[in-house]
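Notes for the one structure printed next.
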Amino acid sequence: MSAKPTTTLITFATMALLVFMSIGFPSPAVAEDGAADLARGQKLFALCTQCHSANGGGDSSFLAPAIAGLPAWYVENQLKNFKSGIRGLHAEDRGGLRMYPMSLWIRDEADQKALAGYIESMPAVATKREIAHPGDATKGVGYYAVCGACHAADGTGNKAMSAPPLVGMSDWYLFSSIQKYKTKVRGSAVGDVYGPAMIGMVATLPNDDAIRDVIAHIQSLEK
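The opening residue of the sequence shown carries number 50 in the numbering used here; numbering runs sequentially from there.
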């Protein structure tokens, strides 16, 4: 790994330590039915605000997508993937290399569940259109047919297939994620159960114009 990613890891790990020293580690309070403790999740979210913003709306300058309102099951799965190294350790995954050390501070499954529950409870934030040269939503309809098989025709996702919602996601993040799957920066790690399927799916998008078109269609689904 190059020196730059290593420096990034150290810098963000140090920031994480400072934040967690300030908020402390109160014992997690989990309701009898297993629901996450939102108060605990809110404390843990202080770590996330450094990049994802206080309202969870994300910040492209930190390579941090909008996360407010994402399903708890998806957030929890991604935290586990980052912590285990299934996601975020590829040398070319700049955003992932920032998330990996952050995930290590979410110490156990109870905290992962609490944080994920709090993020789900947050109101979704309307994302800005940041992608250069927006695509053609009409052309994107055909390409999206493949995506819709898992992510649903309306882009709201499908828990049974571990497919997160696509509507409401930052356009730059969708573009970046698709490119990462196409180059196997994401989805090729040992233990990534669903990554190979995504790599196969994005192969149906022949070029960047097609990626922009399918993103334009996804944006057209937003209500």
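The beta-carbon is built from N, C-alpha and C at its ideal position, and this holds for glycine as well.
Source: prediction; values computed, not measured.
Asked: In chain order, what residues of the same chain lie with their CB nearer than 7 Å to the CB of proline 183, ignoring the 5 residues before and after it?; Found: Arg261, Ala265
Asked: Cβ of isoleucine 168 within 9 Å of Cβ of valine 216?; Found: no
Asked: Which one or two residues does DSSP pair with alanine 113 in a beta bridge?; Found: Asp108
Asked: Is the separation between the beta-carbon of glycine 240 and that of isoleucine 135 shorter than 9 Å?; Found: yes
Asked: Taking buried to mean at least 16 other C-beta atoms within 10 Å of its own C-beta, is arginine 178 buried or exposed?; Found: exposed
Asked: Decide if proline 214 is buried, meaning its Cβ has at least 16 other Cβ atoms within 10 Å, or exposed.; Found: buried
Asked: Tell me which same chain residues have a C-beta within less than 6 Å of the C-beta of valine 251, skipping the five on either side of it?; Found: Ile227, Tyr230, Lys231
Asked: Return the CA-CA distance between glycine 236 and aspartate 86, expressed in angstroms with no decimal places.; Found: 31 Å
Asked: When DSSP builds the beta bridges, which residues end up paired with alanine 140?; Found: None, per the DSSP bridge assignment.
Asked: In the DSSP assignment, find the unbroken alpha helix (DSSP H) run with methionine 247 in it and report its ends.; Found: 244-251
Asked: What span of residues does the alpha helix (DSSP H) with leucine 254 cover, start to end?; Found: Segment: none, leucine 254 is in no alpha helix (DSSP H) and carries neither H nor E.
Asked: Where does aspartate 258 land, buried or exposed, given buried means 16+ other C-beta within 10 angstroms?; Found: exposed
Asked: Given 8 Å as the limit, is there contact between the region 160-167 and the region 112-122, that is, 3 or more CB pairs closer than that?; Found: yes
Asked: Using CA coordinates, which residue listed in Leu112, Ala88, Pro172 is at the minimum distance from serine 219?; Found: Leu112
Asked: For alanine 115 and threonine 176, which I take to be in contact (beta-carbon distance under 8 Å), what is that distance rounded to the nearest angstrom?; Found: 5 Å
Asked: On the criterion of 16 or more Cβ atoms from any shown chain inside 10 Å, does serine 110 qualify as buried, or is it exposed?; Found: exposed
Asked: Starting from the Cα of threonine 253, find the closest Cα among Val195, Ala173, Ser211, Gln161 and give me that residue.; Found: Val195
Asked: Between which two residues does the alpha helix (DSSP H) carrying glutamate 125 extend?; Found: 121-133
Asked: Check each candidate in Leu146, Gly107, Phe131, Gly145 and name the one with the smallest Cα separation from aspartate 157.; Found: Phe131
Asked: Compute the beta-carbon to beta-carbon distance between cysteine 100 and arginine 147, rounded to the nearest angstrom, for a pair I have assumed lies under 8 Å.; Found: 7 Å
Asked: Would you mind reading off the limits of the alpha helix (DSSP H) that contains serine 102?; Found: Looking at the DSSP string, serine 102 is not in any alpha helix (DSSP H), and its letter there is neither H nor E.
Asked: Let's test the definition: count the other Cβ atoms within 10 Å of the Cβ of alanine 212 and tell me whether it reaches 16, buried, or not, exposed.; Found: buried
Asked: Considering only the beta carbon of each residue, do glycine 204 and isoleucine 267 sit closer than 9 Å?; Found: yes
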